[in-house]
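Under numbering that gives the first Met the number 0, the first residue of the sequence shown carries the number 0, and numbering increases by one thereafter.
Note that CB positions come from ideal geometry on N, CA and C, so glycine has one too.
Working notes, beginning with the structure itself.
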Amino acid sequence: MVPQAPIHVLLIEDNPGDRRLMQELLREVTSVAIQLDYADSLGQGMQYLKQSPFDVVLLDLFLPDSQGFATFTQLHQQERKTPIIVTTGLNDETLALNAVQAGAQDYLVKGQITGELLVRSIRYAIERKRAEQKIREQAALLDIATDAILVRDGQNQILFWNRGAERLYGWTATEALGQKATELLYADDNSVQMQQIQQQLLLDNEWHGELNQITKTGQVITVESRWTLVRDDDGQPQFILVVNTDITSKKQLEAQFFRAQRLESIGTLASGIAHDLNNILTPVLATSQLLQMESFHQDERSLELLQLLEINARRGGDIIKQVLSFARGGEGKNVILQAGHVVREIQQIIRGTFPKSIELRVDTSMDLWPVVGNATQLHQVLMNLCVNARDAMPQGGTLKISTENLTLDEACTRTNLDAKAGSYIAITVADSGSGIAPELLDRIFEPFFTSKEIGKGTGLGLSTVLGIVRSHHGFITVSSLPNQGTEFKVFLPAVRVADPPARNPAEVWLGNQELILVVDDEAPIREVTQATLEAYNYRVITACDGLDAIALYVQHQHDIRLVIMDLMMPALDGATTCRVLHKLNPQVHIVAVSGLPQQNAEPTSIAVEIESFLPKPYTIDELLQVVGEALKPKGYRQAGFARQVSIGCGESE
C-alpha cells in the first residue's frame, strides 16, 4: 500500500504555550501523518504561504501585527484556496462564528481542544474546501454554457442564474436571484401552461417543450426548455433545474419556410385560375374591339359601353399578371423599363385594397428616365414600403408616392456609401403615420428586426427592399420623426436610351389571303380570333385540339402559312402537337399562345422553333402584329420575334 502523504499544516500562533500544546496534540495522533510548521505573526505566516503550499492553516485571531476579525479577512483575501481553521478563547466565540460565516472552515476554542478533535477538524476543513472548489468549478462550467441554466424552488423563486441566462434574458444574477420566475419571464396569460408543466413534473420528474418568454427589454423570445425535478432523500420535491435554448431565429426561419410553401401552393392554384380567366377575357377583349370597328352601326352610348368593356378586360388581364408574378415568384430578367408603369400598378392595388381612411397622393414625372431593372422586384420594393406605410397609419392618414429625375455629383454621394455620382430616378414613399424611433432607425434594415406585434410582421420586408435596391446598383435613404411620419427614398441608376421610333398609326397589319391554322380548345377564342384575322384579309381554319390540328395540317400542309397554337389543351397538348408538326414540316411557322405567362407555359424538353409567344388575353393589335411579323420573310423580320425556344413535348425519342 502506498503510504499517504502527510498533511502539511501551518500554525500561526504567537503564544509559545499554545503553540507547544498544538504540537503535543498532533504528535499523539497516529491515524495520519502531520507535518507542522508555524509562524508567530500574520505577516510571517502570509510570507510562508507565498513560498510553499499548505493543506490547512490554524489561525489565532489575536497576533502581534493583527487583531480580531481583521486577522482572518487579511489572510482569507490572499489564500482563497487554502482552508482556514481559526482558534480563539472562550470569550471570543462570537468572533470565531463571524469568521466561519465569512469563509473559515471551522473554529476551535482553546482549552477544549483534543488531538482527535483537532485532526477531525483539519480533515473536515480540507474535504469541505475541496468540495467547495469542485462546486465552484462546476458553476464556472455552467457559466461557460451558451444555454440559459437556472434553478428554482417549489415557490418558483430563482436560486441559480448562470451567465447564459444573463445573456439571453438581460437580467443579471443579482437582479434575478430571489425573484419569482413566473413573474420575471412569463406573460400573465401563461398560468394555465405553467400548471400543466408542474403536473407533468410531479408525475414524470421531467418536462421538455417550447415556451414563449419575455426578456428584460420586453422582447418576446421562443426557447426550447428542458425541466428536471430534483427530489430530496425522502422523495419530496426540492428544486427544479431548467435549461433553456434560444430558438427564436429558428422558429422565424421555419415560419418563413412554411409561408413560402403556402405561397407555392397558392401559386400553383393561381396558375390554373389565371389560365381559365385569361381564356375568358380573350374573347371579351377582342370582341369589344371588333365591335368598335363597326362603330358606324353603333350609337355613341353603345360605343362608350364597348370602350368600357375593353378597358375593364385589359384591367382584368393586368391584375391576373400581377397575381401570377407574385404567387409564382417569377424572377424575370433585367430589362429597360419605365418605373412610372410600376408606380401606376401599385397605385391601382392601393386604391383597391387599402383602407379608405388612407388618402393616396401620386405625383409622377411625365418624362421619367428609364432604368434597367426587374419589374417584379421593383414592384415588391414599392409594395413593401407602401404596406409598412399603411401599418403605420392604423387610424388613417396620407400616403404620398412621387418620382423625379436627379443628377448627383460627388458632393451629394458622400453621405451614403452605396451612392455614386450620376443620373438617377428617385421614388419617394412618404406617410403621415407614427414614425420610427431614432434609436431604431439604424436597425430597420436588419433581417428579422421588426417593431410589429407577433404575427403581424416577419422582419424581412425592409431587408428584402435593401437587397433588391442594392442588386439594382441603387441606394435607399430614410428619414423619420416619431408621430410625424416616415419618408423612404429609393434611388435607381437611370439609363439614357434613344426613344424607339413611333409606329405609324395608319400602318395596318393587313394580310394577303394567307391561310392560318388556329388551334384552341376554347370555342369563343377560336371564333373571335378567326373573325379578327378574316377582318384583316387572312383566311382561317380552326382546330379544337391537337389531334384535329394535325389532321388539318396534313390536309392543308402546302397552303398553311402559320399555326397559332394554344399550349394547354386536353388529350394532346400544344407542346406535343408542335413537336409533331415540326416533324411533318421542319419549316413550319408557329405562334405559341397561352393563358399562362411565358416562363410558366414553356416547359423545357425539345427545342422547337416558334415565331413568337402571345399571352392571353391579347388585343387585336397584339395579335395582328405577331402574325404580321411571323409571316414576313426571315431576312426582313424584326429582331426579337423569330427565336429558338424549348417546348416540352413529353418523352424524347
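{"Check": "Leaving aside the five residues before and after residue 19 along the sequence, list all residues of the same chain whose C-beta is less than 7 Å from its C-beta, in chain order.", "Outcome": "none"}
{"Check": "What's the gap between the Cα of residue 241 and the Cα of residue 150?", "Outcome": "6 Å"}
{"Check": "What is the rounded straight-line gap between the Cα of residue 165 and the Cα of residue 172?", "Outcome": "7 Å"}
{"Check": "To the nearest angstrom, how far is it from the Cα of residue 490 to the Cα of residue 191?", "Outcome": "52 Å"}
{"Check": "Name the DSSP beta bridge partners of residue 559, please?", "Outcome": "514"}
{"Check": "Considering only the alpha carbon of each residue, which of 167, 146, 212 and 177 lies closest to residue 159?", "Outcome": "177"}
{"Check": "How many angstroms separate the CA atom of residue 148 from the CA atom of residue 103?", "Outcome": "29 Å"}
{"Check": "To the nearest angstrom, report how far apart residue 429 and residue 472 are at their CA atoms.", "Outcome": "22 Å"}
{"Check": "Closest to residue 279 by CA distance: which of 536, 547 and 524 is it?", "Outcome": "524"}
{"Check": "Tell me the rounded alpha-carbon separation between residue 163 and residue 439.", "Outcome": "26 Å"}
{"Check": "What residue does the alpha helix (DSSP H) around residue 344 start on, and which one ends it?", "Outcome": "338-352"}
{"Check": "Closest by CA to residue 717, which one among 398, 365 and 465?", "Outcome": "Residue 717 is absent from the model: the chain starts at 0 and stops at 652."}
{"Check": "What residue does the alpha helix (DSSP H) around residue 486 start on, and which one ends it?", "Outcome": "Note, residue 486: premise wrong, no alpha helix (DSSP H); beta strand (DSSP E) at 484-492."}
{"Check": "In the DSSP assignment, the beta strand (DSSP E) including residue 38 goes from what residue to what residue?", "Outcome": "33-38"}
{"Check": "Less than 8 Å between the C-beta atoms of residue 204 and residue 227, yes or no?", "Outcome": "yes"}
{"Check": "Can you tell me which of 467, 400 and 481 puts its alpha carbon nearest to the alpha carbon of residue 437?", "Outcome": "481"}
{"Check": "Output yes or no for whether 8 Å exceeds the beta carbon distance between residue 101 and residue 55.", "Outcome": "no"}
{"Check": "Got a sec? Which residues, its chain only, sit under 7 Å from residue 385 by beta carbon, not counting five neighbours each side?", "Outcome": "345, 349, 398 and 428"}
{"Check": "Since residue 39 and residue 17 should fall inside the 8 Å C-beta cutoff, what is the C-beta to C-beta distance between them, to a whole number of angstroms?", "Outcome": "Their Cβ separation, rounded to whole angstroms, is 11 Å, which puts residue 39 and residue 17 out of contact at 8 Å."}
{"Check": "Quick check on residue 649: does DSSP put it in helix, strand or coil?", "Outcome": "With a pLDDT of 35 at residue 649, under the threshold of 50, the modelled position of this residue cannot be trusted, and the question is left open."}
{"Check": "Determine the DSSP secondary structure at residue 118, reduced to helix, strand or coil.", "Outcome": "helix"}
{"Check": "In this structure, does DSSP put residue 84 in helix, strand or coil?", "Outcome": "strand"}
{"Check": "If you run the structure through DSSP and keep just helix, strand and coil, what is residue 207?", "Outcome": "strand"}
{"Check": "Report the rounded CA-to-CA distance for residue 632 versus residue 530, giving the unit in angstroms.", "Outcome": "25 Å"}
{"Check": "Quick one, which of 59, 33, 31 and 32 has its alpha-carbon nearest residue 44's?", "Outcome": "59"}
{"Check": "Pick out whichever of 41, 591, 194 and 153 has its Cα sitting closest to the Cα of residue 75.", "Outcome": "41"}
{"Check": "Once DSSP output is grouped into helix, strand and coil, what is the label at residue 581?", "Outcome": "helix"}
{"Check": "My output table needs one value for residue 458: the three-state DSSP class, helix, strand or coil.", "Outcome": "In this prediction, residue 458 has a pLDDT of 45, which is less than 50 and means its spatial position is unreliable; nothing more can be read from the coordinates."}
{"Check": "Is the beta carbon of residue 593 closer than 8 Å to that of residue 567?", "Outcome": "yes"}
{"Check": "I believe residue 373 touches residue 333 by the beta-carbon criterion, under 8 Å. Please report the beta-carbon distance rounded to the nearest angstrom.", "Outcome": "5 Å"}
{"Check": "Measuring alpha carbon to alpha carbon, tell me which residue in 403, 540, 402 and 420 is nearest residue 409.", "Outcome": "420"}
{"Check": "Helix or strand or just coil, what does DSSP make of residue 444?", "Outcome": "coil"}
{"Check": "Using 8 Å as the Cβ pair cut-off and three pairs as the minimum, do the region 227-239 and the region 247-254 touch?", "Outcome": "no"}
{"Check": "In three-state terms, what does DSSP make of residue 243?", "Outcome": "strand"}
{"Check": "Kindly confirm or deny that the region 298-316 and the region 541-552 touch, where touching means at least three C-beta pairs closer than 8 Å.", "Outcome": "no"}
{"Check": "Would you mind reading off the limits of the beta strand (DSSP E) that contains residue 362?", "Outcome": "357-362"}
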